[in-house]
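*Asks:* Residue numbers for the sequence shown follow this note's numbering, beginning at 429 and rising by one. Quick one: the structure is below, questions incoming.
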Amino acid sequence: MGYVFEELIRKFNEENNEEAGEHFTPREVIDLMTHIIFEPLKEELPNIIRIYDPACGSGGILTEAQNFIRDEEGSIRAAADTDIYLYGKEINDETYAICKSDMMIKGNNPEHIRNGSTLSTDEFAGETFDVMLSNPPYGKSWANEVKNIKDGKEVIDPRFSIRLKDLWGVESEADATPRTSDGQLLFLMEMVSKMRPQGSRIASVHNGSSLFTGDAGSGESNIRRHIIENDMLECIVQLPNNIFYNTGITTYIWVLSNRKSAERAGKVQLIDASRLYRKLRKNLGNKNCELAPEHIREILDTYLQLKAVDRTSSDGVASLLFDNSDFGYKKVTIERPKRLCAQFTEERIAELRFDRSLRQPMQWAWETFGEQVYTDPAKYEKQLLDWAERHDLDLTTKQERQLTSPELWERGRRLYTQARQLMEWMGTDTYTDFNLFADTVSRLFKEKGIKLAAAEKNAILHAVSWYDAEAAPVVKGKVKLSGGKLAQLLEHLDCSEEQLPDYGYYPTERAGEYLQYETESDLRDYENVPLKEDIYTYFRREVKPHVSEAWINLDATKIGYEISFNKYFYRHKPLRSLEEVAADIRRLDAESEGLIREILDMQ
């Protein structure tokens, strides 16, 4: 029944250019998943087995897993009194109905199959399962379900909230939700949340984005980090391309367990089976190949033997073993000082008349209506809004109100007037030391009795300054560090006093006094330092020789995890020698001359 329905779904979706992969998983892939999940358990198979699929479709994975355990000729051969209970949830009404009917026909409890979104509602809250197998939809948006999982930035569903430690070992709540354009990792976290304390096993099919999408600190990276740091990831198997019906992309089987065997503790096995397949006589959608039984056996043996395997032939399997920490890295922020020149000019201070977010319409209004726009900007509301609409500015309601606000226009005029007064006092000389320039401006304000808010003063300074690599660095401030305060900082940074400049603290001539510089955000850089490597050692080797003024912003460091199959399994193929290439050229040249002679002789 499931076969017939899924074949109809595949054909229908194929004709409509839709994604059928969310409905139909090739049976040889399910066969591989069930072998990997159950083979390690065959000597200690429990009398009661609860199997769960959070995206069960028509129930193919569930029933195939049951058949695998019940198969009297199979390698598992569960005892006759073993009870197997199947659980699943499916969002598509028609598919759900087929799955439930299939359960009834085969003697399973149909009440264990639920209808609805797995992500929005935790239908099996409080339940745990021995085995979980799934091929969740990938590349599917979950934007419509965000409100059930998050309230603003706060995660309200405990399935998707985890605790992670920072660089100093301080634990806090962390977001375990991926970007809204792809919810496949949420299904994996759903299964992780339902693992039994006594031990559960998970096999889940994903595309490549689950391996590496998301920067350090993102939801995707946090999910990978949570799984790997809690030593749940046993193995990832890369499948051949074009093995699914609706897509030719590369897919992977993730194998998880919260009760690893002693030899797997702290280890992750990666198996590249992308070249292990046989061609179909006729394509089925995008599917043009399949895993033969001998291929499944080879992958399974590689998994069970837990050893590194070099690919011995073009169509063989390869395997590598890694420590958990090999996939982790520290994303370190590298800062450089802001260096500014400053000069008062009419062109620069003229920009102060206008709010930065509304500069275009305000400048047009001032150039068109002159000083009158300051006294009654509301009078020109229609002209202003019409001009903004013609120029596709797409203003918000708040911006439209601000555009005709007398306070906004008056603030701009006041800033311009103050800046023009300063230009008369200071002239138009260029300052290559912004610190001296800012001190001079502050002194003049004080001497002349001018009072401006800090934001207004900064607006003037920003308008007349620009970055220049030859200018003096801009001082942020000075800090006193001595005694316990210094010891606390050195412990926090895990460095010596002589190393403080590499962390942004520069000693002055006064004992215990250190300068800190403003950072230039446009020059900010990031370095991914492997977890096993010391940040400071990496910085001195890879960064400092090239950018002597750089320093480490250690407090901004984030920890991330990613897995790159291409990097690990890539093998460089040496180029041919010049002699071989030259010989081929001479051979082709001789062949072409012979062809020309034949053509001429025929004529």
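Where is the CB? At the ideal position from N, CA and C, for every residue including glycine.
Could you tell me whether the region 731–739 touches the region 965–973, where touching means 3 or more Cβ pairs closer than 8 Å?
*Replies:* no
*Asks:* Tell whether a beta-carbon distance below 8 Å holds between residue 543 and residue 509.
*Replies:* Within the sequence shown, residue 543 is the residue found at index 115, counting from 1. Within the sequence shown, residue 509 is the residue found at index 81, counting from 1. It is not a contact, given that the beta carbons lie outside the stated cut-off.
*Asks:* Are the beta-carbon atoms belonging to residue 988 and residue 766 less than 8 Å from one another?
*Replies:* Along the sequence shown, read from residue 1 onward, the residue named residue 988 stands at position 560. Along the sequence shown, read from residue 1 onward, the residue named residue 766 stands at position 338. Not in contact: residue 988 and residue 766 (Cβ atoms no closer than 8 Å).
*Asks:* List the residues that DSSP assigns as beta-bridge partners of residue 717.
*Replies:* For this step, residue 717 is matched to residue 289 along the sequence shown. BP columns for residue 717 point to 707.
*Asks:* What residues in its chain sit with their C-beta under 7 Å from that of residue 461, if we drop five residues either side in the sequence?
*Replies:* By one-based count along the sequence shown, residue 461 stands at place 33. Cβ neighbours of residue 461 beyond the five flanking positions: 561, 631, 681.
*Asks:* Name the two residues that bound the continuous beta strand (DSSP E) containing residue 958.
*Replies:* Within the sequence shown, numbered from 1, the residue matching residue 958 stands at position 530. Its beta strand (DSSP E) spans residues 953–958.
*Asks:* Take residue 935 and list the residues in its own chain whose beta-carbon comes closer than 6 Å to its own, dropping the five residues that flank it on each side.
*Replies:* Position 507 of the sequence shown, counted from the first residue, corresponds to residue 935. Excluding residues within five positions, the ones whose Cβ falls inside 6 Å are 942.
*Asks:* Excluding sequence positions up to five away, which residues of its chain have a Cβ less than 7 Å from the Cβ of residue 449?
*Replies:* Taking the first residue of the sequence shown as position 1, residue 449 is located at position 21. Low local confidence applies: a pLDDT of 44 at residue 449 is under 50, so the model's placement there is unreliable, and no value is given.
*Asks:* Assign residue 625 to one of two classes, buried (16 or more other C-beta atoms within 10 Å of its C-beta) or exposed (fewer than that).
*Replies:* As a first step, residue 625 must be located in the sequence shown, where it is residue number 197. Answer is exposed; the Cβ neighbour count stays below 16.
*Asks:* Buried or exposed for residue 994, going by 16 or more other Cβ atoms inside 10 Å?
*Replies:* What you label residue 994 is simply residue 566 of the sequence shown in a count that begins at 1. Residue 994 should be labelled exposed.
*Asks:* From which residue to which residue does the alpha helix (DSSP H) around residue 463 run?
*Replies:* By one-based count along the sequence shown, residue 463 stands at place 35. Run containing residue 463: 455–466, per the alpha helix (DSSP H) assignment.
*Asks:* How far does the beta strand (DSSP E) with residue 907 in it extend, from its first residue to its last?
*Replies:* Translated into the one-based positions of the sequence shown, residue 907 becomes position 479. Note, residue 907: beta strand (DSSP E), 903–908.
*Asks:* Look at the alpha carbon of residue 826 and the alpha carbon of residue 904, and state the distance between them as a whole number of angstroms.
*Replies:* Translated into the one-based positions of the sequence shown, residue 826 becomes position 398. Translated into the one-based positions of the sequence shown, residue 904 becomes position 476. Going by the C-alpha atoms only, they are around 34 Å apart.
*Asks:* Is the distance from the Cβ of residue 719 to the Cβ of residue 684 below 8 Å?
*Replies:* Residue mapping note: residue 719 aligns to position 291 of the sequence shown, counting from 1. Residue mapping note: residue 684 aligns to position 256 of the sequence shown, counting from 1. No; because the gap between Cβ atoms is not below 8 Å, this pair is not in contact.
*Asks:* Could you tell me whether the region 760–780 touches the region 945–958, using the rule of 3 or more Cβ pairs below 8 Å?
*Replies:* yes
*Asks:* Our contact map puts residue 552 next to residue 628 with C-beta atoms below 8 Å; I'd like the distance itself, whole angstroms only.
*Replies:* Residue 552 sits at position 124 when you count from the first residue of the sequence shown. Residue 628 sits at position 200 when you count from the first residue of the sequence shown. The Cβ separation is near 13 Å, so there is no contact.
*Asks:* The beta strand (DSSP E) spanning residue 981 covers which residue range?
*Replies:* Position 553 of the sequence shown holds residue 981. 979–989 is the extent of the beta strand (DSSP E) around residue 981.
*Asks:* What's the C-alpha gap between residue 773 and residue 885?
*Replies:* Residue numbering aside, residue 773 sits at position 345 when the sequence shown is read from its first letter. Residue numbering aside, residue 885 sits at position 457 when the sequence shown is read from its first letter. The alpha-carbon atoms of residue 773 and residue 885 are separated by roughly 16 Å.
*Asks:* Output the residue ranges of the beta strand (DSSP E) runs that lie fully inside the region 752–776 and measure 3 residues or longer, sorted by chain position.
*Replies:* 756–763, 768–770
*Asks:* Quick check: the Cα distance between residue 581 and residue 574, rounded to an integer number of angstroms?
*Replies:* Numbered from 1 along the sequence shown, position 153 holds the residue referred to as residue 581. Numbered from 1 along the sequence shown, position 146 holds the residue referred to as residue 574. Residue 581 and residue 574: Cα-Cα distance of roughly 10 Å.
*Asks:* Return the CA-CA distance between residue 474 and residue 498, expressed in angstroms with no decimal places.
*Replies:* Numbered from 1 along the sequence shown, position 46 holds the residue referred to as residue 474. Numbered from 1 along the sequence shown, position 70 holds the residue referred to as residue 498. In this structure, the CA atom of residue 474 is about 13 Å from the CA atom of residue 498.
*Asks:* What residues are listed by DSSP as bridge partners for residue 992?
*Replies:* Residue 992 sits at position 564 when you count from the first residue of the sequence shown. The partner list for residue 992 (beta bridge, DSSP) is empty, contrary to what the question assumes.
*Asks:* Assign residue 750 to one of three DSSP states: helix, strand, or coil.
*Replies:* Counting from one through the sequence shown, the residue named residue 750 turns up at place 322. Residue state, collapsed to three classes: strand.
*Asks:* Taking only the alpha-carbon atoms, compute the straight-line gap between residue 644 and residue 846 and give it to the nearest angstrom.
*Replies:* By 1-based counting over the sequence shown, the position of residue 644 is 216. By 1-based counting over the sequence shown, the position of residue 846 is 418. Between residue 644 and residue 846, the C-alpha separation is close to 45 Å.
*Asks:* For the region 786–795 against the region 805–825, do three or more pairs of beta-carbon atoms, one drawn from each stretch, fall closer than 8 Å, so that the two count as touching?
*Replies:* yes
*Asks:* For residue 697 and residue 725, I'd like the C-alpha separation in whole angstroms.
*Replies:* Indexing the sequence shown from 1 puts residue 697 at position 269. Indexing the sequence shown from 1 puts residue 725 at position 297. Using only the alpha carbons, I get a separation of about 17 Å.
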